[in-house]
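Visitor: Number 263 in the working numbering belongs to position 276 of the sequence shown; there are no gaps in the numbering.
Virtual Cβ for every residue (Gly too), placed ideally from N, Cα, C.
Can you read through this structure? Questions will come right after.
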Amino acid sequence: GLGNVTADAIVQQQEMTVSGEENVPAAEQVSAAQGADGAPAAQEPPTDTRAAAADGAPKEGSNQDTTAVPAAVDEGTKEEPAGGEASAESAAPPSDEKTAEPEAPARVESSFRLPEIDAEFDVWLKGQLDASPADAKDTEDFRYLTFSELPPFTDLHKSLMRKTMTPELFAKLKDVKTSKGYTLSNGMQAGVLRPHLGVGFTAGDEESFELFKEVIYPIVEGWHKFDPNTQEHKSDLDPTKVTMSEEQAALFQKYVKSTRVRAARNISGFSLPAGSSKEDRLAVEGVLKQAFEALPDDLQGTYFPLGGLTAEQESALQAGGFLFQKPGPMQLLGAAGAGRDWPEGRGIFHNEAKTVLCWCNEEDQCRIIAMEDGGDVKGVFTRFCALSEAIKAAAEANGKALMYDAKLGFLGTCPSNLGTGLRASVMIVLPELNRDLAKLEEICAKHDLQPRGSSGEHSAAVGSRWDISNKQRIGFSEVELVQKMIDGVGKLIALEEELAAAAAGGAAPAKTPSAPAAGSSSYELPKIGDEAFDGWLTSQLAASPADVKDTDDFRYLTFSEIPPFIDLHKSLMRKNLTPELFAQLKDIKSSKGYTLSNSIQAGVLRPHLGVGITCGDEECFELFKDILYPVVKGWHGFDPATQTHKSDLDPTKLTFPEDIASKFGTYVKSTRIRAARNIAGFSLPAGASVEDRLAVEGVLKEAFASLPEPLQGKYYPLGGLTSAQEDELQAGGFLFQKPGPMQLLGAAGAGRGWPDGRGIFHNDAKTVLCW
């Protein structure tokens, strides 16, 4: 029943997902993996679905791929650092007292593996790993590196850490260590090993913010446009100061499906997850369990330790969207060491009504979330404040305090998540504004709100459902941010009603879209981040003739010359497209109108793609084989020029002995087999016309109608889903979304005319699924 919880959990999974289908060979997946902490502030990047691309909004200080993304913002409040130790040295005993030198920890045998980034850089990294001394925080599956010199960053490294870290600053801080043992190298490790990260630095404890402030302060300024050297953060957790008129409340109940407020809280004296020891992690869990036990009646509930879940509990938490997972090695938290000793010391609390949720020792020591169906923003914020106060009281009962700093507010693992660290969001249905993204984004920008469609920023929403949240985190109080969200969403609702009234009053029916004249589209080029290349792209777009496949929100470019690729372009298309081959193929067109420029557009506009070429119809495989065959060989290690593929779909040839089947029954939780099928004579999605798309849908509906009984089911056209159907498909993991502009399919034109001609079929038993 908690639509926002489930949807937000799905968004969160999307933000944390590593790209598995975004055309990136195994050796190159680092550059396309979903990032972890985003890019600098200005416009907040969005989320993504299947292919975690650069348009995913940073997950509350977590993963944001900044590939080809300009500035961006995203998603705490903190207390005075305890103790005031400047470093491990300052905590040492007086020199006249002879103390034994602590023994260096023995090196732990580790399965830790370095990523592949760049041949020369990889060699340097391997040398640094081999030379790194053992770290007391090392585990069997994770090693902390100690960098002996400033990393020789590659062009792929785009983080604010990389931009801030000079040789002089590195030399000054490289031997500094907090009393908990967190070093500059520890803080930099995620940003060095994961070039796509936008922040690229993590804090391991409270002292990190003082000892490494010469790195952290510039990062905070670059990310949040807030200068800790000259500004101070303010906190205000008094929900009575939030105003919401009766008229606003009524409109919110009409349009808003669910409301959610979340932030992180960390306890002074204990390490943050990226630097924590087992002892600290378990001690934090103990304090939080005390807090949960002392909650008032309406917040009373159950704490579920991740390491002690029954299968039934795990399924229930998963179904509710409450379960969090061990961070993958491609994510910020995994690369920073926050996944060590999993799942020990981690857990989930929710109250009986499932309107409050806490995550113990995930990205931060405690993630607190208040949520409920409907639009009672003030009520949800009130519950959030009560939860925050309970965590604070439990910390104080143990002689501790919450991590809070006068300049930075609430402290957390990632600098993107400081200040209030608060994200207040509503899930709202806006059918009219869903047709006018420019107007929706204009209003959100005026109120410093971030709209997220189904595929992230700048994308429409399936079922017209939008996630709208505050964009800022620091420099404004919690009350101010919640109020700005209420007022901004109120403006959106007012415009939605105005547009709906105009539509009901006899507005002209929508015409079947025709190809727009060149220049009439709302289509915008991405910013690659290279001034010369961006200028070249702009001129190519301006000179491109209209394409019959163009739509109101998408333009196909016609490249007049081979693109002047930059170092960011890593695709197999780029590696195989020579000036001679471009000249040979540039004027060739299939009978369906698909050209070489059409096919390479995604790879030109999205440098992080690993393949970088798409096919628009069946003829492409013959007309453009001089480029496709080398790409296939490079990707699959299969040479179509000399080899022939064979197909065999006879399942009786499989052998599955009883003893093996029995073991599979014991260990395997689920099984899935998938592939694609396309019908000759119709264009593929990247080049499809409206007519072809609808014709394909017609053929497939006939196929579904004639399936044998075990496979009989129902077809759901995306454009005709009821809210209940959408919720059911979303909950089952069956719903697919419009591809975002930063994804392969979005960049290739496969999202045109959305959602017409798209749909989902599944049988009654939900054991077969077709998109």
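Mapping DSSP to helix, strand and coil, what is GLY178?
Guide: helix
Visitor: State the start and end residues of the unbroken beta strand (DSSP E) segment that holds GLY746.
Guide: Taken as a continuous stretch (DSSP letters only), the beta strand (DSSP E) holding GLY746 covers 746 to 750.
Visitor: Here's the rule I'm using: 16 or more other beta-carbon atoms within 10 Å means buried, otherwise exposed. How should HIS623 be labelled?
Guide: That one is exposed.
Visitor: If we call anything under 7 Å between Cβ atoms a contact, is GLU483 one with LEU420?
Guide: yes
Visitor: With respect to the alpha helix (DSSP H) encompassing ASN338, which residues constitute its N-terminal and C-terminal limits?
Guide: It is not in any alpha helix (DSSP H) - ASN338 instead sits in the beta strand (DSSP E) that spans 334 to 338.
Visitor: Could you give the DSSP three-state label for ILE473: helix, strand or coil?
Guide: helix
Visitor: Quick check: the Cα distance between SER403 and VAL413, rounded to an integer number of angstroms?
Guide: 21 Å
Visitor: Using 8 Å for Cβ pairs, my map puts GLY408 next to LEU395. What's the rounded Cβ distance?
Guide: Not confirmed; about 10 Å, so no contact.
Visitor: Counting C-beta neighbours from all protein chains within 10 Å, is the total for THR629 16 or more, i.e. buried, or is it exposed?
Guide: exposed
Visitor: Under the DSSP definition of a beta bridge, which residues are partnered with CYS353?
Guide: ARG252, CYS347
Visitor: What's the call for TYR169, buried or exposed, on a 16-neighbour Cβ count within 10 Å?
Guide: Its Cβ being crowded by 16 or more others within 10 Å, TYR169 is buried.
Visitor: Once you ignore the five residues that flank GLU376 on each side, which residues in its own chain have a CB closer than 8 Å to its CB?
Guide: LEU224
Visitor: Helix, strand or coil: which one does DSSP assign to TYR654?
Guide: helix
Visitor: Compute the distance between the beta-carbons of GLY603 and TYR581, then report whether it is under 7 Å.
Guide: yes
Visitor: Using the C-alpha atoms, what's the distance from PHE371 back to ALA737?
Guide: 41 Å
Visitor: Please name the residue, chosen from GLY707, ALA692, GLY706, that lies closest to MET700 on a Cα-to-Cα basis.
Guide: Looking at the sequence itself, residue 700 is Gly, so the reference to Met does not match. Nearest to GLY700 by C-alpha distance, out of GLY707, ALA692, GLY706, is ALA692.
Visitor: ALA325: which of SER263, ALA340, GLY746, LYS471 sits nearest, CA to CA?
Guide: SER263
Visitor: Where do the N-terminal and C-terminal ends of the alpha helix (DSSP H) with VAL202 fall, by residue?
Guide: 200 to 211
Visitor: Within its chain, find whatever has a CB closer than 6 Å to the CB of ALA239; leave out the 5 residues flanking it on each side and keep chain order.
Guide: Looking at the sequence provided, one finds Phe at residue 239 rather than Ala. Cβ neighbours of PHE239 beyond the five flanking positions: GLY362.
Visitor: Kindly indicate which three-state DSSP category TRP453 falls into: helix, strand or coil?
Guide: If DSSP states are grouped into helix, strand and coil, TRP453 belongs with the strands.
Visitor: So for VAL413, helix, strand or coil by DSSP?
Guide: In the structure shown, VAL413 sits in a strand (DSSP, three-state: E or B).
Visitor: Beta-carbon within less than 8 Å of THR499's beta-carbon, same chain only, minus the 5 sequence neighbours each way: which residues are those?
Guide: Legend: pLDDT at THR499 = 36, less than 50; position of this residue unreliable, no value from coordinates given.
Visitor: Starting from LYS379, trace the alpha helix (DSSP H) both ways and give me its first and last residue.
Guide: Unbroken alpha helix (DSSP H) run through LYS379: 364 to 384.
Visitor: Can you tell me the Cα-Cα spacing of GLY308 and PHE520, whole angstroms?
Guide: If you draw a straight line from the Cα of GLY308 to the Cα of PHE520, it comes to about 42 Å.
Visitor: Whole angstroms is fine: what's the gap from LYS557's alpha carbon to GLY294's?
Guide: Near 41 Å, if we compare the C-alpha coordinates of GLY294 and LYS557.
Visitor: Should ILE575 go down as buried or exposed, given a rule of 16 or more other Cβ atoms within 10 Å for buried?
Guide: exposed
Visitor: Would you list the residues sitting across from ARG247 in a DSSP beta bridge?
Guide: DSSP lists MET358, SER412 as the beta-bridge partner residues of ARG247.
Visitor: Does SER77 pass the burial test, meaning 16 or more other C-beta atoms within 10 Å, or should it be called exposed?
Guide: With a pLDDT of only 31 at SER77, under 50, the local geometry of the prediction cannot be trusted, and no value is derived from it.
Visitor: On the CB-based measure, 16 or more other CB atoms within 10 Å of its CB, does VAL619 come out buried or exposed?
Guide: buried
Visitor: Contact check, PHE213 vs LEU160 under 8 Å by CB: the rounded distance?
Guide: Going by Cβ atoms, the distance from PHE213 to LEU160 rounds to 22 Å, so no, they are not a contact pair.
Visitor: Taking 7 Å as the limit between beta carbons, can you name the residues of its chain near LEU568, skipping five residues before and five after?
Guide: ASP613, ILE614
Visitor: Hey, out of ARG327, GLU331, CYS353, whose CA is closest to ALA278's CA?
Guide: Measuring from the Cα of ALA278, the nearest candidate turns out to be CYS353.
Visitor: Could you spell out the range, first to last residue, of the alpha helix (DSSP H) harbouring TYR131?
Guide: Where TYR131 is concerned, there is no enclosing alpha helix (DSSP H), given that its DSSP letter is neither H nor E.
Visitor: Hey, how far is the Cα of GLU428 from the Cα of GLY492?
Guide: 25 Å
Visitor: Since VAL469 and VAL343 are thought to touch, with beta carbons under 8 Å apart, how far apart are those beta carbons, to the nearest angstrom?
Guide: Between VAL469 and VAL343 a beta carbon distance of about 16 Å is seen, past the 8 Å cut, so the two are scored as non-contacting.
Visitor: So what does DSSP say about ARG680, is it helix, strand or coil?
Guide: helix
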